[in-house]
Amino acid sequence: MELQKLHYDVADGIATITMDYPKNLNAIDEQMADELIYAVEKAESDPDARVVVLKGAPKAFSAGGDIGYFYDLIKSGGDINMDGLIGKVGKVTNGLKSMSKMVIVAVSGAAAGAGFSLALSGDFIIAADNAKFIMAFVNIGLVPDTGGAYLLAKEIGEKKTMELCATGRPVDAQEAKDLGFVYKVTAKEDLDAEVYKFAKRLASGPQVSYKNIKKQIYAAAFSDYERYLDDVEIPTQHECSNTEDFKEGCSAFMEKRKPEFQGK
264 MELQKLHYDV ADGIATITMD YPKNLNAIDE QMADELIYAV EKAESDPDAR
314 VVVLKGAPKA FSAGGDIGYF YDLIKSGGDI NMDGLIGKVG KVTNGLKSMS
364 KMVIVAVSGA AAGAGFSLAL SGDFIIAADN AKFIMAFVNI GLVPDTGGAY
414 LLAKEIGEKK TMELCATGRP VDAQEAKDLG FVYKVTAKED LDAEVYKFAK
464 RLASGPQVSY KNIKKQIYAA AFSDYERYLD DVEIPTQHEC SNTEDFKEGC
514 SAFMEKRKPE FQGK
């Protein structure tokens, strides 16, 4: 597969997946989702990869969904059906969670919407001190996708998850560490060094043990994840994406104004 929005590299037993589409801050559209599926599957089967690092650009890990694309569809009167995209990003996040290899996510700048959910799919998040985690879906009349609500509830409990999903407020790197879903916070300029220092430690560790630790934790905590993605996430996002509130939310975001939601 020809990769246009990300890079896949392997060195010293570490596979690095780098999202690199600064034009829209690594927004996850269908092409990005397809490339992520390919890279995750390649990393899982790659005999030279013992650990996986997922990262974005220093300015933003990922801004989430491509709101500009949806806005253009709305303005042209086109139909919006996210079911295919939501299915693909679910495959990405479940692929990372069920992978037999440890996954480290490096976050610098914004991890918003699906970008936040994607970050949660790793086994360890190392964040730069400029990182912001935002469950931004509600701000445009949607619900979390890419497994966001499920994964966050597993990490921090349903009450705090409700707060972050219902308010869409940003969480900085230190609060994220205090909440427990970020493993380590470091200076922006030291992020790569810290990530690869830890990745090399894992790459030299007992791989069969790591594989089976992940298998145990997936069975204990995520055994119903695929059912959730198929039976809950896709239909709830489908309903929300067909509302006037979603159209208003996208329009307000692109037009840089406060949305006027009508509850329909």
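Residue numbers for the sequence shown follow the numbering used here, so the first one is 264 and each next one is one higher. Glycine residues also receive a C-beta, built at the ideal position from the N, C-alpha and C atoms. Remember, predicted model here, so these are calculated numbers, not experimental data.
For residue i, which of the options has the nearest alpha-carbon?
i: Asn393; options: Ala416, Glu438, Phe516; result: Glu438
i: Phe379; options: Thr409, Ile367, Met362; result: Thr409
i: Lys417; options: Phe400, Tyr459, Lys360, Gln470; result: Lys360
i: Ile397; options: Ser371, Glu523, Gln294; result: Ser371
i: Ala296; options: Ser308, Asp493, Met345, Asp272; result: Met345
i: Asp508; options: Val495, Pro522, Glu496, Ile497; result: Pro522
i: Asp204; options: Asp455, Val458, Ile419; result: With the chain covering 264 to 527 only, the question about residue 204 has no answer from this structure.
i: Gly353; options: Ala390, Val303, Leu336; result: Val303
i: Gln479; options: Lys519, Tyr301, Gly340, Lys364; result: Lys364
i: Thr430; options: Val448, Glu421, Phe400, Lys474; result: Phe400
i: Phe324; options: Gly340, Ile291, Tyr301; result: Ile291
i: Asp335; options: Phe524, Phe516, Lys527, Asn357; result: Phe516
i: Lys286; options: Gln267, Tyr271, Ile300; result: Gln267
i: Tyr284; options: Lys322, Gly276, Asp275; result: Lys322
i: Leu492; options: Tyr301, Lys477, Ala412; result: Ala412
i: Phe461; options: Ser472, Arg432, Val448; result: Val448
i: Lys395; options: Gly443, Asp272, Arg432; result: Arg432
i: Tyr459; options: Arg490, Ser339, Leu415, Val366; result: Val366
The beta strand (DSSP E) spanning residue i covers which residue range?
i: Met382; result: Just to set this straight, residue 382 is Ala in the shown sequence, not Met. Premise fails: Ala382 lies in the alpha helix (DSSP H), 377-383, not in any beta strand (DSSP E).
i: Met365; result: 365-370
i: Ala323; result: 323-325
i: Ala390; result: 387-391
i: Met282; result: 277-282
Assuming residue i contacts residue j under a Cβ cut-off of 8 Å, what Cβ separation, rounded to an integer in Å, is found between them?
i: Leu269; j: Glu298; result: 5 Å
i: Ile343; j: Phe333; result: 6 Å
i: Ala306; j: Ile280; result: 7 Å
i: Ala382; j: Ala373; result: Contact flag wrong, Cβ pair sits at about 11 Å.
i: Leu288; j: Ile389; result: Not quite, the Cβ-Cβ distance comes to about 20 Å (not below 8 Å), so this is no contact.
i: Lys519; j: Ile337; result: Their Cβ separation, rounded to whole angstroms, is 16 Å, which puts Lys519 and Ile337 out of contact at 8 Å.
i: Lys351; j: Glu293; result: 7 Å
i: Met309; j: Ala274; result: Position check: residue 309 holds Asp in this sequence, whereas Met was assumed. Asp309 to Ala274, Cβ: 12 Å. No contact.
i: Ala436; j: Val445; result: 6 Å
i: Ser384; j: Leu415; result: Not confirmed; about 11 Å, so no contact.
So, helix, strand or coil for residue i, using DSSP?
i: Phe444; result: coil
i: Asp435; result: strand
i: Met398; result: coil
i: Thr424; result: helix
i: Phe524; result: coil
i: Val406; result: coil
i: Ser339; result: helix
i: Leu317; result: strand
i: Gln467; result: In the sequence on display, residue 467 carries Ser and not Gln. Ser467 falls in the coil class under three-state DSSP.
i: Met517; result: helix
i: Ala456; result: helix
i: Ala290; result: coil
i: Ala450; result: coil
i: Ala312; result: coil
Which residue marks the beginning of the alpha helix (DSSP H) containing residue i, and which one marks its end?
i: Asp346; result: 346-361
i: Ser472; result: 470-484
i: Asp272; result: Premise fails: Asp272 lies in the beta strand (DSSP E), 269-274, not in any alpha helix (DSSP H).
i: Met295; result: 293-308
i: Thr499; result: 497-504
i: Pro411; result: Position check: residue 411 holds Gly in this sequence, whereas Pro was assumed. Counting along the chain, the alpha helix (DSSP H) containing Gly411 begins and ends at 411-419.
i: Glu489; result: 488-491
Tell me whether the segment 404-416 and the segment 497-510 touch, counting them as touching only if at least three CB pairs, one residue from each stretch, are closer than 8 Å. Short answer: they touch.
Would you check if there are 3 or more beta carbon pairs closer than 8 Å linking the segment 308-324 to the segment 461-473? Below 8 Å, enough C-beta pairs join the segment 308-324 and the segment 461-473 to call them touching: three or more.
Pair every Cβ in the segment 370-385 with every Cβ in the segment 316-336, then say whether three or more of these pairs are closer than 8 Å. Segments in contact, yes.
For the segment 418-436 and the segment 478-497, state whether three or more C-beta atom pairs, one from each stretch, are separated by less than 8 Å. Flag = no, the segment 418-436 and the segment 478-497 do not touch.
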